[in-house]
Each structure stands twice: as C-alpha cells, then as structure tokens.
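Enquirer:
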Amino acid sequence: MRSWDNDGFATTGTSARAVIERAQTSWLLVPGVVLVASVFLAPFLLLFAMSFWSQPEGTLLVDPSPTLGNYQRIFSDGFYLRGLMRTLWLSVATVLISLILGFPVAYWIVRRARRLRRLVTALMLLPIVCGALLPTLGLVNLLSPLGIINGSLRSLGVIDRAIPLLGTQFGILIGLVQAFLPLMVLPLVAVLDQVPRSLEDAAMSLGARPAQVWRRVVVPLAARGALAGSVLVFCAALTSFVTPQILGQGKIATFAAMTWQQASLVLDWPFAASLAMVMLMLIGALGVSVAVLRRSLGQRL
Amino acid sequence: MSRFALPAFTALVVLFTIAPLLVLMFSSFDDGRFFRFPPRDFSLRWYHAAFASVEYRSSLLNSAVVGLIATGISVTFGSAAALGLLRGAARSRATLEMILVAPLTLPLVIWAIALLQIYAWLGIGGTLWGLVLAHATFTLPFSVRVMLATFASIDPGLELAARSLGARPWRAFARITLPLALPGLATSAALSFFISFNDVIVSTFIAGSSWITFPVRLYSQLRGQGIDPTTMAIGTMIIVSILIVVGLTELFNRRTLRA
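As you go down the protein sequences, you meet chains A and B in turn. Under our numbering, the first residue of the first sequence carries the number 5, and numbering increases by one thereafter. Under our numbering, the first residue of the second sequence carries the number 2, and numbering increases by one thereafter.
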C-alpha cells in the first residue's frame, strides 16, 4: 500500500489560506492530548507525591507530611524484597522464552507467510483483545490437576499422580509467556519488515550457509526489534498481577500482586503508591540502559 | 534445518498462544460442575445457565455501556488527533504522538493506583463516568495508531481535487476522506470496544460496588470461589463475538480497498 506524505497536503498552495488551514487543523490534537495529559500523565506526578505520605495504622486517613517510611518498609522487609526478586526472575525468564519462541515466528511471518500473514497476525493479537482474564480462565483448565495436560498424560499412562502446575512458578511462567508473546512478535515483525530480503540473498550468493546468514545477517539487523520487544514484555510481566494471582492460586505473591493487595484489600494507598513507584523506577532504569545500548548498537550498524 | 521446521515451529507457537482460548471454548461444553479431561459428558447446560442468569447479565450490560461510550470518545478524539498530527502545523509532532500513545507504553496498574486516589477526591470512584473516562484514555492510543495508518494511506490530492472543483473543505472531507477512512474507523472502534469490555487491570481498582463490570466480577469470583462453569460459556460467547467482528471488519476492509 502506498503511503502519502502528508507534508504535501497543502503543497498545491503555499498561500496564506493553506498556512492558516494547517494551523487550524492542529487544533484537532487538543482533545486527545488534553485527555491523556490530564487523565493519564498527571496522576503519575500525584503517585510520586503520594508515595511519601503515610497512613497511620488502623485508620483510612492519609497524613500528607513527607516521610521515607514506606520505602524503608519495602527495602527492610524480606517479604517485599523476596517478592521483588521473584518477580524480577519471572520477568527475565518470560523475556528470554518469548524471544526464543517469538523470533522464528516473526521471521516466518515476514518472509514466508504470504497470504496467511494477516490471519497469523490477527491470531497473535487475539490474547491482547481478550484481556487478561479469559485466557487465564482457559489456562486454569489446561494446567489444573484434572485439566487437559494432566488428564492426557494420565490417560496415556505416563503419570499416575498429577504434576503440580497450578500454584507453581512454572505455571505462572507459562501464563506470562502466553499473555505477552505477542508484544515480542509484533515489534520484531515491524523491524524485520524493513530488512530487504536481498541482503540475505546476497549473503547466500557469497557462499554463506543458512545458519551463517541467520547469525551474521538476520539476527544483528533484528536486534532493535528484539530490544523493543524485550522492554515491552519485561514491563508487562513485571507489572502483571491478574495472571500470577489466578495461576499461582494466591500462593505465590508477585510484586504487582502485593501492590494490588495494598490498594484494594488493605486500603493503604500511600504504601501501594510507593510499591508502584518502585516498579516505575525499575522501568525507568531499564529505559535509560536500553537507550544507552541502542546508541552503541546504532554506531555499530 | 529442513524446509518444514520453521512453519511447524510457528504453528506450534501460534497454537500455544491461542490454546487457552481454545481450551476455554472446549471446556464450556463439559457437563460437569468441575472441568475434567477427558470430559464424561458434553451438554449446553452452562449456556442455558448463562442465558438464565440475571446476576451476570447486569455486569455484562455494565461492561457494554462503559465500552460503547468509551469507544465513542476514543475513536472521535483518536481520529481528530491523527488528522491533526498528519495535516496540522504542529512542530513537535514526535512529542505529541508520544503523549498520545503514552497509555500503551506506561504500565496501567501503576496508573490505576494513582487514579484510585484522584477519583476518591473527585467523588467519581465507582461511577459510570469514572470508568468511562479511564477506559476512553487507555483505548485512545489504539485509535490514534490505527487512524494514523488509515489517513496516511489516503491520497490528500483527492480531497484537494474535490475542493478545486468547488466543494467546501468540510464537505470535501465528509464526501472523500471519511468514506475512505471507514474501514480504519471500524477497526479502531472494534479494538477500543473489546479492549475496554475485557479490561480487568484498571477496572478492578476503580469499579467500586455499583458499576461492576463483567471482568471485575469474574476476577473477584476466581480469587474467592474458583471457576463457575457459567462464566466459561459467557467467555466463549465473548470470544466468538470478537472473532465475528474481526472477520466482518476484515471483509469490509477488503471490499473498500477493492472499490
């Protein structure tokens, strides 16, 4: 499909009228930008302030005099630190597995899919459109002691006692990879789409074997997409709480689930805000390191 | 590596991605109170229960109302913003686009915790409008993205031609660009609606007790009592409606492109 350079919208006239019209068209941005800036971005500032407030135990009244108490509690209480470590390892594992599973899929979509491309892309988008709960509901029936995996293995005579999948970190990992794999595949597809096939053909014609073409041509060129996808998957896994809570059967507390608990059950909003700020700072640190990494990648390519 | 290794691997991964939805659809036909594999009996028992249940109907209706209003706002604001970005004179285009798609890049859970406090101050926690405002905001990036791609694929020369023949600017837009943008509008509406309809992450924080949406209800039920098979029948019907709408949008897309 052809893409029109809309810079050219008023190219037929650089007249005063065209200039005025372009300025007027800019006003169309106002409702959307105001909505996101006020409803989405402004609350993050409040979150920062709120994380320094406190809530005396046993009350629901907030004391807005600034204190570092919430942060001290997070970093001195083993419960939260262990939760953070567990969540970090689950998120890193999710990223690595998604990368291994997602890369060949993205490559296939870009190079081989042809007519199936739209169908496969739509199927990969389906879990996003279905939200966090419907897939989780299916996963419970897949992983439960009487579920599809254990049931099939039992009727095949492979096992006689159910393998515990629900309520384990492995079960949660399956759920996280399933939910966030599309976030890895889509950026990879976008980047690989821009790599001309002729580069691979050229490498082949110069005598490279298929494995070498992969390692020396395709993988380095797709690194940007892999990086973008990894950040998306990591952030999503780090902050996910619905999937871990249901698949972990409430036995394995992830950091975001602890945050949800403080906000929705304990109703200690300032403390929930500081837990959320810790996640936000981790994401910020990741963002900065990725920007640095990108720059060095950019110099090499 | 054989020729079939890559397609086979891809098929397995795609299957893995949609497996939970397939399992959900399959298990909704199991007759038992607790799903077990292999099932003993198949029946439409839980579908009858779904249609008879008043308690689920009200939460489904809540989800639909929130979804419809939020979609209206998301598509209108999103299309306007996309046009403004493409055809306007704003200099900081990249920054403005980054602001518009921010809800896609920053985690919604973190935002929802701040929103909880703000809604409490404003007194709109647990109200329809509180939910609509939040849902319109986090679905907006999808509309912006889809409409940017849609408007970018429409030749602005067509509209200019209509105007050079004497059509007023608004009329030229309504008669030329708008009809060509219809498939994009349909896609952004479908995306916004279903993402809003199925949202649990933001809604579980701000839904309160009077405007409980279906996912919020399902989530608290799953944590407390486990799975009610009726919800699997409802879930299956939601997935089937998504597939139907996606299919129709795709057909519509093809017809418009050919015309």
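Don't be surprised by glycine CBs; every beta carbon is placed ideally from N, CA and C. None of these values were measured; they are calculated from a predicted model.
Taking Cβ to Cβ, would you say B/Met148 is nearer than 7 Å to B/Gly227?
Expert: As a position in the second sequence, residue 148 of chain B is number 147, starting the count at 1. As a position in the second sequence, residue 227 of chain B is number 226, starting the count at 1. No. Outside cutoff.
Enquirer: Would B/Phe38 pass as an interface residue toward chain A - the criterion being a Cβ-Cβ separation below 7 Å?
Expert: In the second sequence, residue 38 of chain B corresponds to position 37, counting from 1. Yes, contact with chain A.
Enquirer: Could you tell me the distance, in whole angstroms, from the CA atom of A/Leu85 to the CA atom of A/Ala261?
Expert: Here residue 85 of chain A is taken as the residue at index 81 of the first sequence, counted from 1. Here residue 261 of chain A is taken as the residue at index 257 of the first sequence, counted from 1. Their backbone Cα atoms lie some 13 Å apart in a straight line.
Enquirer: Considering only the beta carbon of each residue, do A/Thr243 and B/Pro39 sit closer than 7 Å?
Expert: Residue 243 of chain A sits at position 239 when you count from the first residue of the first sequence. Residue 39 of chain B sits at position 38 when you count from the first residue of the second sequence. Not a contact, by the Cβ cut-off of 7 Å.
Enquirer: What residues from the stretch 9-20 of chain B come within 7 Å of chain A, judged by C-beta to C-beta, listed N to C?
Expert: Per Cβ criterion, the list reads Phe10, Thr11, Val14, Val15, Phe17, Thr18, Ile19 and Ala20.
Enquirer: DSSP state of B/Phe43, grouped into three classes?
Expert: Taking the first residue of the second sequence as position 1, residue 43 of chain B is located at position 42. Strand, per DSSP.
Enquirer: For the 8 Å Cβ check, are there 3 or more pairs between the stretch 9-24 of chain B and the stretch 182-192 of chain A?
Expert: Yes, they touch.
Enquirer: Return no unless some Cβ of chain B is closer than 7 Å to the Cβ of A/Ser30.
Expert: Against the first sequence, residue 30 of chain A aligns to sequence position 26. Yes, A/Ser30 lies at the interface with chain B (some Cβ there is under 7 Å from its Cβ).
Enquirer: Across which residues does DSSP place B/Ser221 in a beta bridge pair?
Expert: As a working note, residue 221 of chain B is residue 220 in the second sequence. Paired residues: none, contrary to the question.
Enquirer: Under the rule that 16 or more other beta-carbon atoms within 10 Å means buried, what is A/Gly71, buried or exposed?
Expert: The residue labelled residue 71 of chain A in the question sits at position 67 within the first sequence. Note that residue 71 of chain A is Thr in the sequence shown, not Gly. It is exposed - the Cβ of A/Thr71 has fewer than 16 other Cβ atoms within 10 Å.
Enquirer: Kindly list the residues whose CB is nearer than 8 Å to the CB of B/Ala65, restricted to its own chain and excluding five residues on each side of it in sequence; keep chain order.
Expert: Within the second sequence, residue 65 of chain B is the residue found at index 64, counting from 1. The residues are Phe198.
Enquirer: In chain order, what residues of the same chain have a beta carbon less than 7 Å from the beta carbon of B/Phe195, not counting five sequence neighbours either side?
Expert: In the second sequence, residue 195 of chain B corresponds to position 194, counting from 1. The residues are Ile243.
Enquirer: For chain A, check one thing: does any of its Cβ atoms lie closer than 7 Å to the Cβ of B/Ala95?
Expert: Translated into the one-based positions of the second sequence, residue 95 of chain B becomes position 94. Closer than 7 Å: no.
Enquirer: Over what stretch of residues does the alpha helix (DSSP H) that includes B/Thr205 continue unbroken?
Expert: Locating residue 205 of chain B in the second sequence gives position 204, where the first residue counts as 1. Note, B/Thr205: alpha helix (DSSP H), Ser204 to Ile207.
Enquirer: With 9 Å as the limit, tell me which residues of the stretch 242-264 of chain A have their beta carbon closer than that to any beta carbon of chain B; keep them in chain order.
Expert: The residues in question are Leu242, Thr243, Ser244, Phe245, Val246, Gln249, Ile250, Gly254, Ala260, Thr263 and Trp264.
Enquirer: Would you decide whether A/Pro60 is buried or exposed? Buried here means 16 or more other CB atoms lie within 10 Å of its CB.
Expert: The residue given as residue 60 of chain A occupies position 56 in the first sequence. With fewer than 16 Cβ atoms within 10 Å of its Cβ, A/Pro60 is classed as exposed.
Enquirer: Can the beta-carbon of A/Leu196 be found less than 7 Å from the beta-carbon of A/Leu236?
Expert: Residue numbering aside, residue 196 of chain A sits at position 192 when the first sequence is read from its first letter. Residue numbering aside, residue 236 of chain A sits at position 232 when the first sequence is read from its first letter. Contact flag unset, no.
Enquirer: Select from the stretch 199-210 of chain B all residues with a C-beta closer than 9 Å to any C-beta belonging to chain A, and list them in chain order.
Expert: Taking 9 Å as the Cβ-Cβ cut-off against chain A, the residues of the stretch 199-210 of chain B that qualify are Asn199, Asp200, Val201, Ile202, Thr205 and Phe206.
Enquirer: Quick one: grab the DSSP three-state call for A/Ser159.
Expert: As a first step, residue 159 of chain A must be located in the first sequence, where it is residue number 155. In the structure shown, A/Ser159 sits in a helix (DSSP, three-state: H, G or I).
Enquirer: Determine, using beta-carbon pairs with one atom in the stretch 165-172 of chain B and one in the stretch 96-115 of chain B, whether at least three such pairs fall under 8 Å.
Expert: Segments in contact, no.
Enquirer: Using the three-state DSSP reduction, which class does B/Asp31 fall into: helix, strand or coil?
Expert: Along the second sequence, read from residue 1 onward, the residue named residue 31 of chain B stands at position 30. Strand.
Enquirer: What are the boundary residues of the alpha helix (DSSP H) that includes A/Gly233?
Expert: Working through the first sequence from its first residue, we reach residue 233 of chain A at position 229. Val223 to Leu242 is the extent of the alpha helix (DSSP H) around A/Gly233.
Enquirer: In this structure, how does DSSP classify A/Ser58 when only helix, strand and coil are distinguished?
Expert: The count along the first sequence starts at 1 and reaches residue 58 of chain A at position 54. In this structure, A/Ser58 counts as strand in the three-state DSSP scheme.
Enquirer: Is the beta carbon of B/Gly60 less than 7 Å from the beta carbon of B/Phe215?
Expert: Mapped onto the second sequence, residue 60 of chain B falls at position 59. Mapped onto the second sequence, residue 215 of chain B falls at position 214. In the sequence on display, residue 60 of chain B carries Ser and not Gly. Cβ atoms of B/Ser60 and B/Phe215: closer than 7 Å.
Enquirer: Can you give me the Cβ contacts of B/Ala173 inside the same chain, cut-off strictly under 6 Å, excluding the 5 residues immediately before and after it?
Expert: In the second sequence, counting from the first residue as 1, residue 173 of chain B sits at position 172. The answer, listed in chain order, is Glu160, Ala163 and Arg164.
Enquirer: Is A/Gly175 close to chain B? Criterion is C-beta to C-beta, closer than 7 Å.
Expert: As a working mapping, residue 175 of chain A is identified with position 171 in the first sequence. Answer no: the Cβ-Cβ gap between A/Gly175 and chain B never drops below 7 Å.
Enquirer: Name the DSSP bridge partner or partners of A/Asp67?
Expert: Within the first sequence, residue 67 of chain A is the residue found at index 63, counting from 1. The partner list for A/Asp67 (beta bridge, DSSP) reads A/Ser58.
Enquirer: When the cut-off is 7 Å and only beta carbons count, does A/Asn145 lie next to chain B?
Expert: Stepping through the first sequence from its first residue, residue 145 of chain A is reached at position 141. So, interface residue.
Enquirer: Can you grab the Cα-Cα spacing for the pair A/Glu394 / B/Leu141, in whole Å?
Expert: Residue 394 of chain A is absent from the model: chain A starts at 5 and stops at 305.
Enquirer: Assign A/Arg1 to one of three DSSP states: helix, strand, or coil.
Expert: Nothing can be reported for residue 1 of chain A, as the shown portion of chain A is limited to 5 through 305.
Enquirer: If distances are taken between C-alpha atoms only, which option among B/Arg224, B/Asp229, B/Thr250 and B/Ala95 comes closest to A/Leu345?
Expert: Past the boundaries of the shown model lies residue 345 of chain A; chain A is included only from 5 to 305, so the question cannot be answered.
Enquirer: Suppose contacts are defined by Cβ-Cβ distances below 7 Å. Is B/His136 in contact with B/Val76 by that definition?
Expert: Within the second sequence, residue 136 of chain B is the residue found at index 135, counting from 1. Within the second sequence, residue 76 of chain B is the residue found at index 75, counting from 1. Not in contact: B/His136 and B/Val76 (Cβ atoms no closer than 7 Å).
Enquirer: Which residue wins for smallest C-alpha separation from B/Ser154, given the options B/Ile114, B/Asp31, B/Thr237 and B/Thr257?
Expert: Locating residue 154 of chain B in the second sequence gives position 153, where the first residue counts as 1. Comparing Cα-Cα distances from B/Ser154 to each of B/Ile114, B/Asp31, B/Thr237 and B/Thr257, the minimum goes to B/Thr257.
Enquirer: Which same chain residues end up closer than 6 Å to B/Phe35 when comparing Cβ atoms and leaving out the 5 residues on each side of it in sequence?
Expert: Counting from one through the second sequence, the residue named residue 35 of chain B turns up at place 34. Within the same chain, B/Phe35 has no close Cβ partners at all.
Enquirer: For chain A, check one thing: does any of its Cβ atoms lie closer than 7 Å to the Cβ of B/Leu28?
Expert: As a working note, residue 28 of chain B is residue 27 in the second sequence. As written in the sequence, residue 28 of chain B is Ser, which differs from the Leu given in the question. So yes, B/Ser28 belongs to the interface.
Enquirer: Near A/Ile256, which residues of its chain fall below 8 Å by C-beta distance, leaving aside the five closest residues on each side in sequence?
Expert: As a first step, residue 256 of chain A must be located in the first sequence, where it is residue number 252. Counting only Cβ-Cβ distances below 8 Å, and skipping sequence neighbours, we find Arg90, Gly171, Thr172, Gln173, Ile176 and Pro248.
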